[in-house]
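According to this note's numbering, numbering within the sequence shown proceeds without interruption in unit steps and concludes at 419. Built from N, CA and C at the ideal position, the CB exists for glycine as well.
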Amino acid sequence: MNLLSIFSRNTDKDQPVKSEAPAHWVKCKSCQSLMYYKEVENQKHVCPKCGYHIRIGVKERIELLVDEGSFVEYDDNLKPVDPLNFTDKISYKKRLQEAYVKTGKNSSVVSGECKMNGVSAQIVIFDFAFMGGSLGSVEGEKIVRAVDRAIEKRQGLIILSASGGARMQESTFSLLQMSKTSAALAKLAKHKLLYISVLTDPTMGGVSASFATLGDIIIAEPGALVGFAGQRVIEQTIGSALPDGFQRAEFLLEKGSIDMIVNRNDLKKTLSDLLTLFKVA
């Protein structure tokens with residue numbers, strides 16, 4: 139018997155591939171602390187050391203906010219098209235395919251009906267993982283349909299934004315969604331139904347310039363980046379430095395641009411309380 143074979147091992151069989159190795163540790167982008175991933179999950183993806191709110195996806199949002207088993211998704215069959223045959227480094231169609239593989243979704247928005255602590259509502263959630271949560275024709279249509287359902291069922295509407303702004307690959311078609319969604323929300327207001335806008339990190343560009351800042355009540359997560367253009371662009375335009383914390387949720391609250399900042403752990407109760415308080419029979 140070859141003694142070496144006793145001590146040797148089949149590396150191909152025993153060595154775990156990188157995709158199978160669990161990421162047991164998470165590094166906070168704010169305080170640089172290294173934390174066990176279970177600890178972060180138990181804190182709803184909020185750093186237990188500094189309170190930094192780590193970005194989360196649609197699945198985590200639903201688990202965080204919605205009563206178990208109550209979420210019903212609508213319009214998941216809507217898919218973007220490429221009306222301009224747009225190509226930059228790669229084609230728009232290729233980008234859409236890559237986004238679908240990455241997220242399993244056809245658009246950056248998931249919309250549906252849910253209950254929060256027993257209170258029914260229409261909800262729209264942006265997924266930043268899908269092309270930076272950009273606003274295109276499908277996303278605008280989903281928001282309008284959510285508004286229509288809210289009017290039909292006499293329910294409140296909640297939109298959780300996480301977006302870099304309008305989708306450049308759809309050009310004017312994307313920009314039109316700003317006016318389209320704003321007009322739909324005006325119709326919701328005429329029916330005296332509550333619209334709550336929740337700003338998460340980041341909420342920028344055409345999204346912040348339209349429906350995200352039209353809420354009857356505007357809530358932001360701690361530290362969320364909210365604005366239209368980036369800070370560097372603004373500084374270059376005006377030729378001077380901006381204040382510390384500019385475009386962060388805390389700065390906007392101080393200036394009166396938003397109504398409240400709510401910790402992720404308290405968001406579900408806050409939303410359900412507001413829906414109950416302003417419920418229209």
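Cβ-based burial, residue 398 [other Cβ within 10 Å; buried from 16]
Start at 1 with the first residue of the sequence shown, and residue 398 comes out as number 260. Flag for residue 398 reads exposed.
Let's see if you can read the secondary structure: which residues bound the beta strand (DSSP E) around residue 338?
If you number the sequence shown from 1, residue 338 lands on position 200. Unbroken beta strand (DSSP E) run through residue 338: 333 to 341.
Look up residue 174 in the DSSP assignment and give the residues it is bridged to.
Residue numbering aside, residue 174 sits at position 36 when the sequence shown is read from its first letter. In DSSP, residue 174 forms a bridge with 163.
Check residue 363 in the structure and name its three-state DSSP category.
Indexing the sequence shown from 1 puts residue 363 at position 225. Of the three classes helix, strand and coil, the one that applies to residue 363 here is strand, per DSSP.
If you measure between the beta carbons of residue 414 and residue 257, is that distance less than 8 Å?
By 1-based counting over the sequence shown, the position of residue 414 is 276. By 1-based counting over the sequence shown, the position of residue 257 is 119. Contact annotation: residue 414 and residue 257 have beta-carbon atoms nearer than 8 Å.
Just checking, does the segment 213 to 224 make contact with the segment 184 to 195 on the three C-beta pairs under 8 Å criterion?
Flag = no, the segment 213 to 224 and the segment 184 to 195 do not touch.
In three-state terms, what does DSSP make of residue 238?
Within the sequence shown, the letter at position 100 stands for residue 238. Reduced to three states, the DSSP call for residue 238 is helix.
If contacts are defined as beta-carbon pairs under 8 Å, then residue 116 and residue 304 qualify, I think. What distance do you get, rounded to the angstrom?
With the chain covering 139 to 419 only, the question about residue 116 has no answer from this structure.
Bounding residues of the alpha helix (DSSP H) (the contiguous stretch that carries residue 369)
One-based indexing of the sequence shown puts residue 369 at position 231. 369 to 376 is the span of the alpha helix (DSSP H), which, as asked, contains residue 369.
What is the DSSP secondary structure of residue 251, reduced to helix, strand or coil?
Locating residue 251 in the sequence shown gives position 113, counting from the first residue. In the structure shown, residue 251 sits in a strand (DSSP, three-state: E or B).
What's the C-alpha gap between residue 333 and residue 294?
Walking along the sequence shown from the start, residue 333 turns up at place 195. Walking along the sequence shown from the start, residue 294 turns up at place 156. Taking C-alpha positions only, residue 333 is separated from residue 294 by approximately 6 Å.
Measuring CA to CA, which of 298, 323 and 267 is closest to residue 287?
Start at 1 with the first residue of the sequence shown, and residue 287 comes out as number 149. Its Cα nearest to that of residue 287, the residue 323 stands out among 298, 323 and 267.
Taking the alpha-carbon positions, what's the residue 409 to residue 254 distance?
Within the sequence shown, numbered from 1, the residue matching residue 409 stands at position 271. Within the sequence shown, numbered from 1, the residue matching residue 254 stands at position 116. Separation of residue 409 and residue 254 (C-alpha to C-alpha, rounded to the nearest whole angstrom) is 8 Å.
The alpha helix (DSSP H) enclosing residue 289, as first and last residue numbers
Your numbering for residue 289 matches position 151 in the sequence shown. Looking at the DSSP string, the run of the alpha helix (DSSP H) that includes residue 289 is 275 to 291.
In this structure, what does DSSP give as the bridge partners for residue 183?
Start at 1 with the first residue of the sequence shown, and residue 183 comes out as number 45. Answer is none; residue 183 lacks a bridge partner.
For residue 284, is the classification buried or exposed, using 16 other Cβ atoms within 10 angstroms of its Cβ as the cut-off for buried?
Translated into positions along the sequence shown, residue 284 becomes position 146. Buried, by the Cβ-count rule.
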